[in-house]
Amino acid sequence: MKALLALFFLALSTFAASIKAEKLVFAHHVAGVAVSLTPENWRADMQLAKAHLIDGFALNIASGDPNNEVIINNAFNAADAVGFKMFFSFDYASRGAWAAGSVIDYINRFKGRASYYKIDVRPYVSTFEGPGNANDWYSIKGATNCYFVPDWTSIGPDGFRAHLDKVDGAFNWNIWPEGPRNLGTSGDEAWRSVLAGRHYLMGVSPWFYTSLPQWNKNWLWRGDNLWHYRWEDIIRLQPSMVEIVTWNDFGESHYIGPLYPAAFPAGANYCNDMPHQAWLKLLPNYIARYKGIAVPAGNDKIVVWYKRNYGQSCGTGGTTGNNVAYQPFYQPYELQEEKIFVTVLLNSAAQVTVQVGSAAQQVFTANQGGVFHFDAPKNGALGAVVVRVVRNGAEITRATGATLTNDCPLGHVNWNAWVGEN
């Protein structure tokens, strides 16, 4: 009997370890802009995300939002139906801090749903900020048994060290570079060092531009090559889990889901006719490589993105490079490079060409199949952007993108990205 019990507990511990080791990818979904989504919209979005190997949504909910009940129930009903995972990300910034009792209530009411994501039967919970309420989590964890992985990026990894007794891991929101440089992974390494083996939720985002004066927001951070470089960093670092920022935050221009104009915040006309959904097409490759599973096969795939205006073709709209409330000032055109960014998934070696209007064609050579990423200078050219895959002298496929133009319908440069595919 003792031997059988020993084997049972060994099997149980092995099973628990396997759950902890599960590598999943979630997309941050802002509930506050989802009030116009129908149940059918929710199901369609989840099916779309799932088709691109996203495992679930981190549902950002703000304290006191009168639409929370309807939105949360629609989201969980859809997730249950689709077989999609969900967890709460309690937003302590947009409408103020959460009361501990309300957090406990939401977790305990929804943790029993089939779609609520758990680690070792513990409901997974995150935040957007809230370190000022860190001590609430003693009682919240006691009442909910949650697996707690907050984003308290504002206090940095050194400040976070004082709270290791309250948490199971951390999410680092510093996922855009400061100034005219690429991001790198030094920030991730600092967080992982402090966590000392605890769960690390690593973020990835393709872009950042916001101009919402009602919230005193008007800045950008460099996007450019970030989507590709960050995924390659994730594949190399192998974090516990990944969160994409975001599925639907139109106001900050880092959405990767479908455009829902009814969900745009007032003033976010820079999202009009600026699709980002093509970024999804790269995820099956990136996510499969992160998880160590077979990379899906398919035809040659082109994804191309760029801002449509040159950085000095019109006024800046008062946009700054960096958030100057706590970072050095740059002109926005000092951060965003005048380039066309291309990632191609190739079945075999090929040439990839980029042409703008009637300007000379630029040729880039991929010596093997797989992911081929590069950027092409715009060189002041105007007109439609055409990217072609050429193999053995024959065009295999092409993507035709929106025009590069010096016309600025917004009255200033639109710093958002246009993203397209073949």
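Taken in order, the sequence shown gives residues -21 to -1, 1 to 401; the numbers are from mature numbering (1 follows the signal peptide of the UniProt record, and there is no 0). Here a beta-carbon is modelled for each residue, glycine too, at the ideal position from N, C-alpha and C.
Own chain partners of residue i with C-beta closer than 7 Å, once the 5 adjacent residues on each side are dropped
i: threonine 379; result: Ala363, Val365
i: arginine 22; result: Ala57, Ala60, Val61
i: tyrosine 95; result: Met65, Phe66, Phe89, Pro102
i: tyrosine 71; result: Trp77, Thr106, Phe107, Glu108, Gly109, Asn112
i: glycine 202; result: Pro185, Trp186, Phe187, Ala396
i: proline 263; result: His31, Leu32, Pro275
i: tryptophan 258; result: Pro185, Trp206, Ile235, Val282, Val398
Contacts around residue i, its chain only, beta-carbon distance under 8 Å, and the 5 residues preceding and following it disregarded
i: arginine 268; result: Ile214, Val274
i: serine 81; result: Ser42
One or two residues paired with residue i in a DSSP bridge
i: residue 414; result: Any property of residue 414 remains undetermined from this structure, which presents the chain solely from -21 to 401.
i: alanine 149; result: Tyr179
i: leucine 67; result: The displayed chain sequence assigns phenylalanine, not leucine, to residue 67. Per DSSP, Leu38, Val104.
i: histidine 352; result: Thr322
i: phenylalanine 127; result: Val104
i: asparagine 197; result: Ser190
Straight-line gap, residue i to residue j (C-alpha atoms, nearest Å)
i: phenylalanine 55; j: valine 49; result: 10 Å
i: asparagine 278; j: proline 388; result: 36 Å
i: aspartate 167; j: serine 337; result: 43 Å
i: alanine 396; j: valine 224; result: 15 Å
i: isoleucine 134; j: lysine 97; result: 27 Å
i: valine 342; j: asparagine 371; result: 14 Å
i: asparagine 401; j: alanine 339; result: 21 Å
i: glutamate 1; j: alanine 149; result: 16 Å
i: alanine 381; j: alanine 175; result: 47 Å
i: isoleucine -3; j: methionine 220; result: In this predicted model, isoleucine -3 has a pLDDT of only 45, less than 50, meaning its place in the structure is not dependable enough to derive any value.
i: threonine -8; j: phenylalanine 127; result: Bear in mind that the predicted position of threonine -8 carries a pLDDT of just 35, short of 50, making it too unreliable to give a figure here.
i: alanine -6; j: arginine 177; result: A caution first: alanine -6 carries a pLDDT of 40, below 50, which makes its placement in the model unreliable, though a value can still be read off. Straight-line Cα distance between these residues: approximately 15 Å.
i: valine 323; j: alanine 28; result: 20 Å
i: glycine 300; j: aspartate 99; result: 43 Å
Residue i vs residue j beta-carbon contact at 8 Å
i: valine 368; j: valine 321; result: no
i: glycine 290; j: glutamine 315; result: yes
i: isoleucine 40; j: phenylalanine 69; result: yes
i: tryptophan 170; j: phenylalanine 36; result: no
i: tyrosine 179; j: proline 218; result: yes
i: proline 237; j: valine 398; result: no
i: alanine 245; j: phenylalanine 229; result: no
i: tryptophan 198; j: asparagine 288; result: no
i: leucine 3; j: aspartate 34; result: yes
i: cysteine 125; j: isoleucine 154; result: no
i: cysteine 293; j: valine 392; result: yes
i: methionine 181; j: leucine 143; result: no
i: valine 173; j: phenylalanine 139; result: yes
Cutoff 6 Å; reference residue i; Cβ partners in own chain excluding five residues on either side
i: arginine 209; result: Val183
i: tyrosine 312; result: Gly290, Gln291
i: alanine 241; result: Ser15
i: glutamine 334; result: Gln340, Val365
i: asparagine 53; result: Pro18, Trp21
Within the chosen definition, does the segment 326 to 336 reach the segment 346 to 353 through at least 3 CB pairs nearer than 8 Å? yes
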